């Protein structure tokens, strides 16, 4: 059975549209931060629509050698759109930062809810599996391996539907190609990623995302992961772990859910469930009406509390008080920088390399506008 969610979303031609900038948005509040970049809620002034805006300081990206990752993420997000992804709407830049404006999902991420001790039922997790299976199936059709499927990167909307975000380490592979880089978050990374890294193997493909989905589903149901893996574990020990340790499944889980988890957590990728077609054969999902899932007609078992913002409140404090270059003071700061730049000596300085990199970003950054 082939499910196509694309009829729910339309990919418009984004050329020759209004080039947006920071002034087109009103900053409302900070809600999070990633490995690099921060996120705030914004409102577009003309339409009054609400979005999440991720902004990344150019100089920090250069210093951490992360510009390539930002550009790759933008390249991927500008070409995709799906009902169970966090979709990009606009990208633009100024002298200091690169901006990505995406769907605003106010239900919080699944990591946050795990930390709040939410008890996820089998029915709830079943819907997450279905929604993520549709997202991963779409990504495969676009030749994309996400490589970082985990509770932290699954955001809920206000109704409780799941959306995959953070394409910072995603990669594109064409027919017959394999990925080889050691990329991901160790507790969620498939065994073949470690094998490929250590033994110079044949690489890995889309199957790795389905392993991660299995790890995540297990964790949501049980409260801990199927393998005791941490970022500090050496790769050699992990390969041994996968070959010697058996996953323990709870006796209170239905045999159908356990059977599906076993297929997702199969060490050999050739025998793993790793496609929408595969999971649709599962007895656990036999009663699923996939078109209803696609159209968000299936009611989630867990609905985030609408009366609260599901994020760490310290993000707002950090942005307003601790941040040395707060976003809400950007306009004044840029004007001051411009007048300071005009008075600088034009002689060579030790910042030439940095300036060269900043100019390259300014030139190569792709402006994007998905507006209908």
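In our numbering, the protein residues as written are 16 to 387.
Glycine included, each C-beta is placed from N, C-alpha and C at the ideal position.
If you're wondering where the values come from, they're calculated on a predicted model, not measured in any experiment.
Anticipated Cβ contact below 8 Å, residue i with residue j, distance rounded
i           : j           : result
residue 105 : residue 116 : 4 Å
residue 57  : residue 74  : In fact, because the Cβ distance is near 22 Å, the residues do not count as touching under 8 Å.
residue 232 : residue 143 : 7 Å
residue 223 : residue 162 : 7 Å
residue 201 : residue 248 : 6 Å
residue 140 : residue 235 : 5 Å
residue 228 : residue 147 : 6 Å
residue 175 : residue 122 : 6 Å
residue 194 : residue 159 : Contact flag wrong, Cβ pair sits at about 11 Å.
residue 392 : residue 133 : This structure cannot speak to residue 392, because the chain is shown only from 16 to 387.
With 16 other Cβ atoms within 10 Å as the buried cut-off, status of residue i
i           : result
residue 83  : exposed
residue 304 : exposed
residue 207 : buried
residue 377 : exposed
residue 308 : buried
residue 239 : exposed
residue 128 : buried
residue 120 : buried
residue 321 : exposed
residue 172 : buried
residue 80  : exposed
residue 265 : exposed
residue 197 : exposed
residue 332 : Any reading at residue 332 is ruled out, since the residue's pLDDT is 48, under 50, leaving its predicted position unreliable.
residue 145 : buried
Cα-Cα separation, residue i to residue j
i           : j           : result
residue 388 : residue 315 : Because the chain here runs from 16 to 387, residue 388 falls outside it and cannot be looked at.
residue 150 : residue 182 : 13 Å
residue 177 : residue 220 : 23 Å
residue 259 : residue 252 : 10 Å
residue 385 : residue 91  : 14 Å
residue 370 : residue 273 : 55 Å
residue 44  : residue 55  : 5 Å
residue 34  : residue 69  : 17 Å
residue 7   : residue 111 : With the chain represented from 16 up to 387, any question about residue 7 goes unanswered, as that position is not in the structure.
residue 118 : residue 94  : 15 Å
residue 299 : residue 280 : 15 Å
residue 297 : residue 271 : 8 Å
residue 362 : residue 64  : Here the model assigns residue 362 a pLDDT of 45, short of 50, so the residue's position is not dependable, and the following value carries that caveat. Distance between the alpha carbons of residue 362 and residue 64: 46 Å.
residue 293 : residue 157 : 18 Å
residue 225 : residue 367 : 45 Å
residue 267 : residue 184 : 36 Å
residue 203 : residue 276 : 14 Å
residue 125 : residue 138 : 15 Å
residue 170 : residue 103 : 14 Å
residue 77  : residue 372 : 7 Å
residue 311 : residue 189 : 31 Å
residue 96  : residue 381 : 17 Å
residue 243 : residue 211 : 21 Å
residue 59  : residue 36  : 11 Å
residue 52  : residue 319 : 25 Å
residue 191 : residue 215 : 17 Å
residue 286 : residue 85  : 34 Å
residue 71  : residue 237 : 35 Å
residue 218 : residue 209 : 9 Å
residue 295 : residue 278 : 12 Å
residue 262 : residue 306 : 33 Å
residue 313 : residue 379 : 43 Å
residue 388 : residue 230 : Residue 388 lies beyond the residue range present for the chain, which begins at 16 and ends at 387; the question has no answer from this structure.
Candidates the options: closest to residue i by CA position
i           : options               : result
residue 61  : 81, 38 and 160        : 38
residue 283 : 310, 254, 163 and 63  : 254
residue 257 : 188, 205, 96 and 311  : 205
residue 136 : 159, 269 and 164      : 269
residue 179 : 109, 191, 198 and 152 : 152
residue 375 : 108, 246 and 209      : 108
residue 383 : 213, 89, 71 and 319   : 89
residue 245 : 213, 199, 155 and 192 : 199
residue 155 : 186, 59 and 216       : 186
residue 166 : 215, 131 and 71       : 131
is_contact[residue i, chain C] using C-beta, thresh 7 Å
i           : result
residue 195 : Going by chain labels, chain C is absent from the structure shown, which holds only one protein chain.
heavy atom of the ligand FMN below 6 Å from residue i C-beta
i           : result
residue 213 : The model depicted lacks the ligand FMN and carries no ligand whatsoever.
Could you tell me which uninterrupted alpha helix (DSSP H) segments, each at least 4 residues in length, are contained entirely in the region 247-309, listed from first to last along the chain?
-> With a minimum length of 4 residues, the unbroken runs of alpha helix (DSSP H) contained wholly in the region 247-309 fall at 250-259, 270-279, 291-295 and 305-309.
Which parts of the region 80-161 are runs of the alpha helix (DSSP H), unbroken and 4 residues or longer, counting only runs that do not cross its ends?
-> Qualifying alpha helix (DSSP H) stretches, in chain order: 82-92, 125-130 and 137-156.
Please list the segments of the alpha helix (DSSP H) lying wholly inside the region 201-227, counting only runs of 4 or more residues, in order along the chain.
-> Complete alpha helix (DSSP H) runs here, min 4: 206-214.
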